[in-house]
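Visitor:
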Amino acid sequence: MDTDDLTEMAWRIMGSASRVSDTLRAELGSMASRFKTEDEWLRGVRAHLVDIFEDPAEYVDSWDLENAEAVTATMIGSFAAELRDRVDSILSTPMNKRGSWAHGEFKDAGTYQTKVQSLYRH
1 MDTDDLTEMA
11 WRIMGSASRV
21 SDTLRAELGS
31 MASRFKTEDE
41 WLRGVRAHLV
51 DIFEDPAEYV
61 DSWDLENAEA
71 VTATMIGSFA
81 AELRDRVDSI
91 LSTPMNKRGS
101 WAHGEFKDAG
111 TYQTKVQSLY
121 RH
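In terms of the numbering used here, the sequence shown opens at residue 1 and continues consecutively.
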């Protein structure tokens, strides 16, 4: 599957991820090629987010996110839980209610990233 095949709701998962970590967004996007359907991709994304939530320090250290993107373990752990909940919500939404494919930029991405980082920064 290609990210071009994602519905609007699923696409927003990657948009949200980029507001906190470009690395996480890239990971989620690259995962799409390993799955045949959006639901399979969402389940894979969910599993990855659970792994991050369970050991956020490992994730931050493995990508050197604190230095590269000013992302702390507390930030990414909390955000992974939030994003996991959004994935669960999307998975419970029928495909025909998820919106059409929504390629493009997300408004106020920088503002959102600053807000999220300030909430989770130590």
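Don't be surprised by glycine CBs; every beta carbon is placed ideally from N, CA and C.
Thinking just about the alpha-carbon of each residue, which of Thr7, Ser21, Leu6 is nearest to the one in Asp123?
Guide: This structure gives no information on residue 123, because the portion of the chain shown stretches from 1 to 122.
Visitor: According to the neighbour-count rule (16 or more other Cβ atoms, all chains shown, within 10 Å of its Cβ), is Glu58 buried or exposed?
Guide: Classification for Glu58: exposed.
Visitor: Are the beta-carbon atoms belonging to Glu40 and Leu6 less than 7 Å from one another?
Guide: Not a contact, by the Cβ cut-off of 7 Å.
Visitor: Which same chain residues end up closer than 7 Å to Gly110 when comparing Cβ atoms and leaving out the 5 residues on each side of it in sequence?
Guide: In this prediction, Gly110 has a pLDDT of 44, which is less than 50 and means its spatial position is unreliable; what the coordinates show is noted afterwards. Contacts found: none.
Visitor: Ser18: buried (16+ other C-beta within 10 angstroms of its C-beta) or exposed?
Guide: Burial call: buried.
Visitor: Can you tell me whether Asp4 is buried or exposed, with buried defined as 16 or more other CB within 10 angstroms of its CB?
Guide: Flag for Asp4 reads exposed.
Visitor: How many whole angstroms separate the CB atoms of Ala10 and Ile90, which I take to be in contact at a CB cut-off of 8 Å?
Guide: Their Cβ separation, rounded to whole angstroms, is 6 Å, which keeps Ala10 and Ile90 in contact under 8 Å.
Visitor: Classify Gln113 as helix, strand or coil using the three-state DSSP reduction.
Guide: Low confidence applies to Gln113: its pLDDT is 45, below 50, so where it sits in the model is not reliable enough to give any reading.
Visitor: With H, G and I counted as helix, E and B as strand and the rest as coil, what does DSSP make of Val71?
Guide: If DSSP states are grouped into helix, strand and coil, Val71 belongs with coil.
Visitor: Within the continuous alpha helix (DSSP H) that includes Met14, where are the two ends?
Guide: Here the alpha helix (DSSP H) through Met14 covers 8-20.
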